[in-house]
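J.: Residues in the sequence shown are numbered from 1046 upward in steps of one, following our numbering.
Where a beta carbon is used, it is the ideal one built from N, C-alpha and C, also for glycine.
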Amino acid sequence: MSEENSKAKKHVTWAEPPQMTLMETLYIPAIAAGIGTTVKRMFGKNETRQYPEVEPEIPPNYRGVHRLNRDDQGRVKCVACFLCQTVCPAKCITIEATATDKTDPNWADRDKYPATFEIDELRCIYCGMCEQACPVDAIELTSIYDLTGLSREEMIFDKEKLLEVFDETTQSGKDPVRTKRGTLGPASEILVDLPDESSSSDHPSS
Ligand code: SF4
Ligand code: SF4
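As structure tokens, this is what we get:
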């Protein structure tokens, strides 16, 4: 055995599986514990949710369907920096950037914007890392949890659809813009006075 291997072996701890007792091999303790849990639930508080008749209360930092936010001019807020696409562990964001026309006064303050922006909502694991990575608070997850579709294609949200989600969710007041850059990043900055921030200038109509 080489010196390197013997050094490495010193740092390895071998774990032996615990030996089962006779009772455990007969599964009697596990069955008794299972029956105990069933009986406890029979007489405990009923926690059945009457969904869909009664919709659940969704916390303000829930990670549901995405949206692309608009800026105060109603433009897509995204500056096509690719940070969300890079950080996404599921690789479900695809962006094509385009340079802005600098002679157009509407885009004088931007170098780039996304020509296309797609999120595959079926591949997404709703981890929220795209929201955290975005330097301009352009991408957010919403409280929409009941997304369904009839085809895979339908579940790939393009830029227009993501902007539509923004319009719908902000106009209904369901999901006020929630990301505000802070020292710890937007996802950790969900505040109790969040509804007051719905008057944010990020909304196109404001
Ligand atoms: S929530 Fe996570 S998995 Fe989904 S698009 Fe964002 S970074 Fe990717
Ligand atoms: S949504 Fe944000 S992180 Fe993603 S490309 Fe646009 S600006 Fe960058």
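Going by DSSP, which residues form a beta bridge with Pro1221?
T.: Taking the first residue of the sequence shown as 1, we reach residue 1221 at position 176. For Pro1221, which the question treats as bridged, DSSP gives no partner whatsoever.
J.: Measuring alpha carbon to alpha carbon, tell me which of Gly1173, Asp1149, Leu1208, Cys1169 ends up nearest Phe1162.
T.: In the sequence shown, the residue the question calls residue 1162 occupies position 117. For Phe1162, the nearest C-alpha among the options comes from Leu1208.
J.: At what residues does the alpha helix (DSSP H) containing Ala1142 begin and finish?
T.: In the sequence shown, residue 1142 corresponds to position 97, counting from 1. It is not in any alpha helix (DSSP H) - Ala1142 instead sits in the beta strand (DSSP E) that spans 1138-1144.
J.: Residue range of the beta strand (DSSP E) that Ala1160 falls in?
T.: Against the sequence shown, residue 1160 aligns to sequence position 115. Ala1160 -> beta strand (DSSP E) spans 1157-1165.
J.: Run through DSSP, which three-state label would Cys1175 get?
T.: The residue labelled residue 1175 in the question sits at position 130 within the sequence shown. Note: Cys1175 maps to helix in three-state DSSP.
J.: Kindly list the residues whose CB is nearer than 6 Å to the CB of Thr1130, restricted to its own chain and excluding five residues on each side of it in sequence; keep chain order.
T.: To locate residue 1130, count along the sequence shown from 1; it is residue 85. One detail in the question is off: residue 1130 reads as Gln in this sequence, not Thr. Excluding sequence neighbours, Gln1130 sits near Ile1138, Ile1140.
J.: Does DSSP put Ile1076 in a helix, a strand or coil?
T.: Indexing the sequence shown from 1 puts residue 1076 at position 31. Ile1076: helix per DSSP, three-state reduction.
J.: Excluding the 5 residues flanking Asp1252 on each side, which residues of the same chain have their C-beta closer than 8 Å to its C-beta?
T.: This structure cannot speak to residue 1252, because the chain is shown only from 1046 to 1251.
J.: Keeping to the same chain, check which residues put their C-beta closer than 8 Å to that of Lys1147; ignore five residues upstream and five downstream.
T.: Numbered from its first residue, the sequence shown carries residue 1147 at position 102. Here the set comprises Ala1153.
J.: Can you tell me where the beta strand (DSSP E) holding Leu1113 begins and where it ends?
T.: Reading the sequence shown from its first residue, position 68 is the one you call residue 1113. Where Leu1113 is concerned, the enclosing beta strand (DSSP E) stretches over 1111-1113.
J.: Compute the Euclidean distance between the alpha carbons of Ser1217 and Val1210, then round it to the nearest angstrom.
T.: Here residue 1217 refers to the residue found at position 172 of the sequence shown. Here residue 1210 refers to the residue found at position 165 of the sequence shown. Looking at the two C-alpha atoms, the distance is approximately 11 Å.
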